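Engineer: Once you've had a glance at the structure underneath, I'll fire off some questions.
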Amino acid sequence: PFFKEYLIDGLREFPVLAAKLNANENPYGPSPMALKALKNSASGGNRYAWKELFELVDKIADFEGVESKNIMMGPGSSDLLEKTAMVLFMNGGNVVSADPAYMSLIRVAEAAGGTWKPVPLKKDWSHDLDAMEQAIDADTKLVYICNPNNPTGTITDSKKLLDFCSRVSEKVPVFVDEAYLWFLEDGAKHSMVSLVNEGKDVIIARTFSKIHGMAGLRVGYAVAQETTLDKLQKITRAGMGISYPSVFAAIGAMDDTDFLESSRTKNAACREYVYQELTKMGIPYVPSATSFMIFPIEMEGKDFLQKMTDQKVGVRAFEFMGKKWCRVSMGTMDEMKLFTAALSKVLA
Ligand code: PLP
Numbered sequence: 050p051f052f053k054e055y056l057i058d059g060l061r062e063f064p065v066l067a068a069k070l071n072a073n074e075n076p077y078g079p080s081p082m083a084l085k086a087l088k089n090s091a092s093g094g095n096r097y098a099w100k101e102l103f104e105l106v107d108k109i110a111d112f113e114g115v116e117s118k119n120i121m122m123g124p125g126s127s128d129l130l131e132k133t134a135m136v137l138f139m140n141g142g143n144v145v146s147a148d149p150a151y152m153s154l155i156r157v158a159e160a161a162g163g164t165w166k167p168v169p170l171k172k173d174w175s176h177d178l179d180a181m182e183q184a185i186d187a188d189t190k191l192v193y194i195c196n197p198n199n200p201t202g203t204i205t206d207s208k209k210l211l212d213f214c215s216r217v218s219e220k221v222p223v224f225v226d227e228a229y230l231w232f233l234e235d236g237a238k239h240s241m242v243s244l245v246n247e248g249k250d251v252i253i254a255r256t257f258s259k260i261h262g263m264a265g266l267r268v269g270y271a272v273a274q275e276t277t278l279d280k281l282q283k284i285t286r287a288g289m290g291i292s293y294p295s296v297f298a299a300i301g302a303m304d305d306t307d308f309l310e311s312s313r314t315k316n317a318a319c320r321e322y323v324y325q326e327l328t329k330m331g332i333p334y335v336p337s338a339t340s341f342m343i344f345p346i347e348m349e350g351k352d353f354l355q356k357m358t359d360q361k362v363g364v365r366a367f368e369f370m371g372k373k374w375c376r377v378s379m380g381t382m383d384e385m386k387l388f389t390a391a392l393s394k395v396l397a
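Here it is, written out as C-alpha cells:
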C-alpha cells in the first residue's frame with residue numbers, strides 16, 4: 050500500500066480556522082426543516098427514540114425502495130462501516146479495496162485481525178474492477194468500494210460497478226459506501242441499492258452527514274439483506290447510538306428537497322470556481338463528482354499543511370499514486386476565496 054496521510058501535531062489546540070475545509074462537511078446544513086424538527090424535539094431527550102426510529106426507518110425504506118427489514122441505522126455511517134469490519138474480521142481474513150480509499154472500515158478490519166489487499170485505482174481514477182476481482186482469494190471476507198471515492202472525489206461507472214457487484218457478491222459480500230452519491234445530479238441512477246432487492250449480498254452505506262449537512266448530528270444507515278444485518282446486530286443495537294432529536298432532524302431533513310437541491314447547486318458552483326482558480330495557477334486538478342477535490346502539491350505534505358494552517362485554512366494532505374496531494378472540501382464561496390488566496394500565498 051502506498052497510501053499515506055500527512056498530519057500536523059496538536060489537534061486539540063487546533064487553531065481557529067477562517068475556512069474549515071478539511072472534513073468534507075456541508076457548510077449550509079442542517080436544513081431549515083431539520084433544524085425546526087431538532088428544536089421541537091429537544092425536550093424529548095429524556096426518552097429513548099425506539100418508536101420514532103421505526104418511523105425514520107420506514108421513511109428511509111420507502112425512499113430507497115426496499116423493505117424496512119433491509120435497513121439498519123447507526124450514529125453516522127462510520128459506525129456501520131466499523132461494526133461491519135469488527136464482525137467480519139474478528140477471525141482474520143482480508144478486505145479487498147482500492148488504494149487510495151476511505152480508510153475507516155479498512156483500519157478497523159486490520160485492528161480486528163484482518164489484512165488489507167489494496168488494488169491501485171486506474172489511471173483514469175476509476176476502480177480497477179478486473180484487478181479487484183482477481184485479488185479475491187479464499188481468505189477474502191469483504192470487498193469494499195467507496196463510490197464516489199474518498200479521498201479522490203472520482204467516480205466509477207455505475208453500469209460496470211453494478212455488473213461487478215452482482216457477480217462478485219455471489220462469492221463474497223460487497224460493501225459499497227455511497228456517502229457522496231447525492232452530490233451528483235442523478236445520484237439515484239448510480240446507486241447499488243437495487244441489488245438488495247435482487248437478493249444480492251451487498252451492503253450499501255449512506256449518511257446524513259454530507260448532502261444533508263448533519264455531520265455533527267450523527268445519523269447514517271446501511272441497506273442490506275436481513276440475514277447480513279442480523280449478523281451485524283448481534284454485536285450492536287445500532288439505533289441505540291442515535292439521539293432522540295437527531296432522529297427527528299433526519300425525518301425533517303428528508304422532506305427538505307429544496308435544501309438538498311440548493312446544497313448540490315452551491316457545491317457545484319464552488320467546484321467550478323476552484324477549477325478556474327487552480328487552472329489560473331497552472332495546477333492540474335482532478336475533476337470531482339463530490340463535495341471535495343484533490344490536486345497535486347509540489348511540497349512536503351506536512352509543510353504544506355502547516356503553511357495553509359498558518360493562513361487559517363484547514364485542508365488535508367496525502368501521498369498516493371506516486372505524488373503528494375491536497376484535498377480541499379467545498380465550503381461557502383467566501384471560504385473558497387479564502388482558500389485560493391491562501392494557496393497562492395503558500396505556493397508563491
Ligand atoms: N464514508 C465516507 C466515504 C466518508 O468520507 C465519511 C466521512 O467523511 C464517512 C463514510 C463517515 O461519515 P459519517 O460517519 O459522518 O456518516
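Numbering (the UniProt record's numbering), first residue to last: 50 to 397.
Backbone N, C-alpha and C define an ideal beta-carbon position, used for all residues, glycine too.
None of these values were measured; they are calculated from a predicted model.
What number of angstroms, rounded off, separates the C-alpha of residue 190 from the C-alpha of residue 89?
Structural biologist: Numbered from its first residue, the sequence shown carries residue 190 at position 141. Numbered from its first residue, the sequence shown carries residue 89 at position 40. Residue 190 and residue 89: Cα-Cα distance of roughly 44 Å.
Engineer: Take every Cβ of the stretch 175–193, pair it with every Cβ of the stretch 216–236, and state whether three or more of those distances are shorter than 8 Å.
Structural biologist: Flag = yes, the stretch 175–193 and the stretch 216–236 touch.
Engineer: In the DSSP assignment, find the unbroken alpha helix (DSSP H) run with residue 350 in it and report its ends.
Structural biologist: The residue labelled residue 350 in the question sits at position 301 within the sequence shown. Segment 350–359, the alpha helix (DSSP H) holding residue 350.
Engineer: Please determine, among 391, 249, 106, 340, the residue with the shortest C-alpha to C-alpha distance to residue 274.
Structural biologist: The residue you call residue 274 lines up with position 225 of the sequence shown. If we check each option's Cα against that of residue 274, 249 comes out closest.
Engineer: Where residue 86 and residue 264 are concerned, what is the direct C-alpha to C-alpha distance, given to the nearest angstrom?
Structural biologist: By one-based count along the sequence shown, residue 86 stands at place 37. By one-based count along the sequence shown, residue 264 stands at place 215. Rounded to the nearest angstrom, the two C-alpha atoms are 16 Å apart.
Engineer: Could you please give the first and the last residue of the uninterrupted beta strand (DSSP E) stretch that includes residue 134?
Structural biologist: The residue you call residue 134 lines up with position 85 of the sequence shown. Segment 126–138 is the alpha helix (DSSP H) holding residue 134; no beta strand (DSSP E) there.
Engineer: Drop a sphere of 10 angstroms on the beta-carbon of residue 99, count the other beta-carbons inside from all chains shown, and report buried for 16 or more, exposed for fewer.
Structural biologist: Locating residue 99 in the sequence shown gives position 50, counting from the first residue. Result: exposed.
Engineer: Using alpha carbons as the reference points, say which of 329, 259, 296, 387 lies closest to residue 93.
Structural biologist: Here residue 93 is taken as the residue at index 44 of the sequence shown, counted from 1. Comparing Cα positions, the closest option is 296.
Engineer: At 4 residues or longer, and completely inside the stretch 82–114: list those alpha helix (DSSP H) runs for me, N to C.
Structural biologist: With a minimum length of 4 residues, the continuous alpha helix (DSSP H) runs that stay inside the stretch 82–114 are 99–113.
Engineer: Which residue comes first and which comes last in the beta strand (DSSP E) that contains residue 378?
Structural biologist: By one-based count along the sequence shown, residue 378 stands at place 329. Residue 378 -> beta strand (DSSP E) spans 372–378.
Engineer: Straight-line CA distance for residue 373 to residue 152?
Structural biologist: As a working mapping, residue 373 is identified with position 324 in the sequence shown. As a working mapping, residue 152 is identified with position 103 in the sequence shown. Going from the Cα of residue 373 to the Cα of residue 152 covers about 17 Å.
Engineer: Output needed for residue 159: all residues of its chain with C-beta closer than 7 Å, excluding positions within five of it in sequence on either side, in chain order.
Structural biologist: For the purposes of this step, residue 159 is taken as the residue at position 110 of the sequence shown. Correct list, in chain order: 165.
Engineer: Is the stretch 353–369 in contact with the stretch 312–331, if contact means three or more CB pairs nearer than 8 Å?
Structural biologist: Too few Cβ pairs lie closer than 8 Å, so no.
Engineer: Is it buried or exposed, residue 284, if we count other Cβ atoms within 10 angstroms and call 16 or more buried?
Structural biologist: Working through the sequence shown from its first residue, we reach residue 284 at position 235. Exposed, since its Cβ has fewer than 16 Cβ neighbours within 10 Å.
Engineer: Tell me the residue span of the beta strand (DSSP E) that contains residue 255.
Structural biologist: As a working mapping, residue 255 is identified with position 206 in the sequence shown. Counting along the chain, the beta strand (DSSP E) containing residue 255 begins and ends at 251–256.
Engineer: Checking the sheet assignment: what are the DSSP bridge partners for residue 226?
Structural biologist: Taking the sequence shown and counting its residues from 1, one reaches residue 226 at position 177. Paired residue(s): 195, 254.
Engineer: For residue 303, which residues in the same chain have their Cβ closer than 7 Å to its Cβ, ignoring the five residues on either side in sequence?
Structural biologist: Translated into positions along the sequence shown, residue 303 becomes position 254. Once the five neighbours on either side are set aside, the close Cβ partners of residue 303 are 108, 112.
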